[in-house]
Ligand code: ARG
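Numbering (the working numbering), first residue to last: 1 to 463.
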């Protein structure tokens, strides 16, 4: 079976060359978009009168046949099919003869592969954004279900101040909301058609890239043919958005790992979302959460791959660009799976409210509230900080509890000591966006509103 480019060559390509350069095993997933883009190109050739109506019908019919063979598994690939574009054109020409050989007129695999990849990425970005919206919904549902439950808030992984569980969960909600924004913004730059750029410089034929762009639902066409075939910014940008989303999943995963440990005991994972040990009969492990952490490393690797592939390339197309697909596909697959898995894990998790409250109800968790009590009495904050710090130090060195020290202190007394009562400190987080019940009410409303706006935005994106 000859290659697409056999005319210029004396003999057959070496088998080892084909083994090294072939991309079919991974770009076969572009088959569907390749057919979509080829049909648009056929319609463009017809509008330009490069082919006539009968020829266009024959080619489109041939492409339908290729599609059917790919769908029912009867498509037979041959060794010279170095990529999916070659395979489709080769089979079309077998089916339709000379007329099929007109398909590639005014087109190069360079603008073709860029078009296919943009079509594929455009739909994939919408899919991932939907996955992120679903996880946001689970976070919002769990936040609503958490009521007034609270846990220690941490800095440096040391208990700092009690925070409402709903507030903690919504912190992750807002990170995902930025991920969705970023994907929507990246989508706008993905949604530009490179079809018609040819190999690098356009064509002498009267093809109209703007018309094919419209036909394919792109928001516009390229302005510069060299840029059109060599630009993979959209790949890097989408992988970055996915990598950051992966990092967010990883941070959530890390908390699940910590919080489900006996040391914390804040959450109990559902059996359906936990794994066992092959040796230790008692084990119940948070593997989903750990993989969310681990796979983030892999997706960051995908980002590094594409940036390094791009960094040394002169204009325009270089075969290095074939290396754009595997990191992109991997990042899409892994982050999509991660969003689904994390949604399932979170939705089925039981929060152990009593354990969390007990951990949060240490008197020292109200230290800043005591200092702010003094501030309300006119004491400068720095002075108040030093006074309370001294009482904490005293209580830690044994003997009296912080509470009794506060009760007997001339600047405090019984009213101030009541601030230390279990469950009280978190109610004092009243500032907007803060961790207490009053600002939480507003936050829950804002989150629901933001989610519905984002849903509409994602639903309006071209797939
Ligand atoms: N499989 C190639 C890729 O993914 C298609 C473009 C090949 N173009 C070329 N001039 N060899 O980039």
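All C-beta atoms in this analysis are idealised placements derived from N, C-alpha and C, irrespective of residue type, glycine included.
Alpha-carbon spacing of residue 239 relative to residue 171, whole angstroms: Within the chain shown, residue 239 is the residue found at index 239, counting from 1. Within the chain shown, residue 171 is the residue found at index 171, counting from 1. In a straight line, the C-alpha of residue 239 is about 23 Å away from that of residue 171.
So, are the CB atoms of residue 242 and residue 288 less than 8 Å apart? Position 242 of the chain shown holds residue 242. Position 288 of the chain shown holds residue 288. Going by C-beta atoms, residue 242 is not nearer than 8 Å to residue 288.
Excluding sequence positions up to five away, which residues of its chain have a Cβ less than 7 Å from the Cβ of residue 426? Within the chain shown, numbered from 1, the residue matching residue 426 stands at position 426. Excluding sequence neighbours, residue 426 sits near 150, 162, 163, 164, 435, 436.
Anticipated Cβ contact below 8 Å, residue 141 with residue 34, distance rounded: Start at 1 with the first residue of the chain shown, and residue 141 comes out as number 141. Start at 1 with the first residue of the chain shown, and residue 34 comes out as number 34. Residue 141 to residue 34, Cβ: 40 Å. No contact.
What are the boundary residues of the beta strand (DSSP E) that includes residue 158? In the chain shown, counting from the first residue as 1, residue 158 sits at position 158. Residue 158 -> beta strand (DSSP E) spans 158-164.
Helix, strand or coil for residue 464, going by three-state DSSP, please let me know. Residue 464 lies beyond the stretch modelled for the chain, which goes from 1 to 463, so this question has no answer here.
With distance defined between alpha-carbon atoms, name the residue in 169, 113, 96 nearest to residue 253. For the purposes of this step, residue 253 is taken as the residue at position 253 of the chain shown. That would be 169, whose Cα lies nearest to the Cα of residue 253.
Would you say the beta carbon of residue 85 comes nearer than 7 Å to a heavy atom of the ligand ARG? As a first step, residue 85 must be located in the chain shown, where it is residue number 85. Yes, the Cβ of residue 85 comes within 7 Å of a heavy atom of the ligand ARG.
Alpha carbon of residue 65 to alpha carbon of residue 91, nearest angstrom: On the chain shown, residue 65 is found 65 positions in, with the first residue counted as 1. On the chain shown, residue 91 is found 91 positions in, with the first residue counted as 1. Rounded to the nearest angstrom, the two C-alpha atoms are 9 Å apart.
Verify the contact flag: residue 277, CB atom, against every heavy atom of the ligand SAH, threshold strictly below 7 Å. Of the ligands one can find in the structure shown, namely the ligand ARG, none is the ligand SAH.
On the CB-based measure, 16 or more other CB atoms within 10 Å of its CB, does residue 381 come out buried or exposed? Here residue 381 is taken as the residue at index 381 of the chain shown, counted from 1. Under this definition residue 381 is an exposed residue.
Nearer than 7 Å: is that true of the beta carbon of residue 27 relative to any heavy atom of the ligand ARG? Along the chain shown, one-based indexing puts residue 27 at 27. Correct: residue 27 has its Cβ closer than 7 Å to the ligand ARG.
Output needed for residue 101: all residues of its chain with C-beta closer than 6 Å, excluding positions within five of it in sequence on either side, in chain order. Position 101 of the chain shown holds residue 101. Spatial neighbours of residue 101 in its own chain (CB-CB distance under 6 Å, excluding positions within 5 residues in sequence) are listed in chain order as 93.
For residue 267, write down the residues that DSSP places opposite it in a beta bridge. Residue 267 sits at position 267 when you count from the first residue of the chain shown. Looking at the DSSP assignment, residue 267 forms a beta bridge with 351.
To the nearest angstrom, how far is the alpha carbon of residue 385 from that of residue 350? By 1-based counting over the chain shown, the position of residue 385 is 385. By 1-based counting over the chain shown, the position of residue 350 is 350. Those two C-alpha atoms are separated by around 37 Å.
Would you check if the distance between the CB atom of residue 21 and the CB atom of residue 80 is smaller than 8 Å? Indexing the chain shown from 1 puts residue 21 at position 21. Indexing the chain shown from 1 puts residue 80 at position 80. For residue 21 and residue 80, no; Cβs fall outside 8 Å.
What I want to know is whether the C-beta of residue 137 ends up closer than 7 Å to one or more non-hydrogen atoms of the ligand ARG. In the chain shown, counting from the first residue as 1, residue 137 sits at position 137. Residue 137 Cβ: outside cutoff for every heavy atom of the ligand ARG.
Residue 260 burial status per 10 Å Cβ neighbour count (16 or more: buried): Here residue 260 refers to the residue found at position 260 when the chain shown is read from its first residue. With 16 or more other Cβ atoms within 10 Å, it is buried.
Please list the segments of the beta strand (DSSP E) lying wholly inside the region 315-384, counting only runs of 3 or more residues, in order along the chain. With a minimum length of 3 residues, no continuous beta strand (DSSP E) run stays inside the region 315-384.
Beta-carbon proximity of residue 249 to residue 338, cut-off 8 Å: The residue given as residue 249 occupies position 249 in the chain shown. The residue given as residue 338 occupies position 338 in the chain shown. Cβ distance < 8 Å, so residue 249 and residue 338 count as in contact.
Where does residue 3 sit, in a helix, a strand or coil, going by DSSP? The count along the chain shown starts at 1 and reaches residue 3 at position 3. In this structure, residue 3 counts as coil in the three-state DSSP scheme.
Cβ of residue 229 versus every heavy atom of the ligand ARG: is any distance shorter than 7 Å? To locate residue 229, count along the chain shown from 1; it is residue 229. No, the Cβ of residue 229 stays beyond 7 Å of every heavy atom of the ligand ARG.
By a C-beta neighbour count over all protein chains shown, 10 Å radius and 16 as the cutoff for buried, is residue 56 buried or exposed? Your numbering for residue 56 matches position 56 in the chain shown. Residue 56 counts as buried, since at least 16 other C-beta atoms from the protein chains shown sit within 10 angstroms of its C-beta.
Does the beta-carbon distance from residue 322 to residue 23 come in below 8 Å? On the chain shown, position 322 is the one that residue 322 refers to. On the chain shown, position 23 is the one that residue 23 refers to. Cβ distance < 8 Å, so residue 322 and residue 23 count as in contact.
Whole runs of the alpha helix (DSSP H) within the region 5-84, excluding any shorter than 4 residues: 15-21, 24-27, 31-47, 53-72
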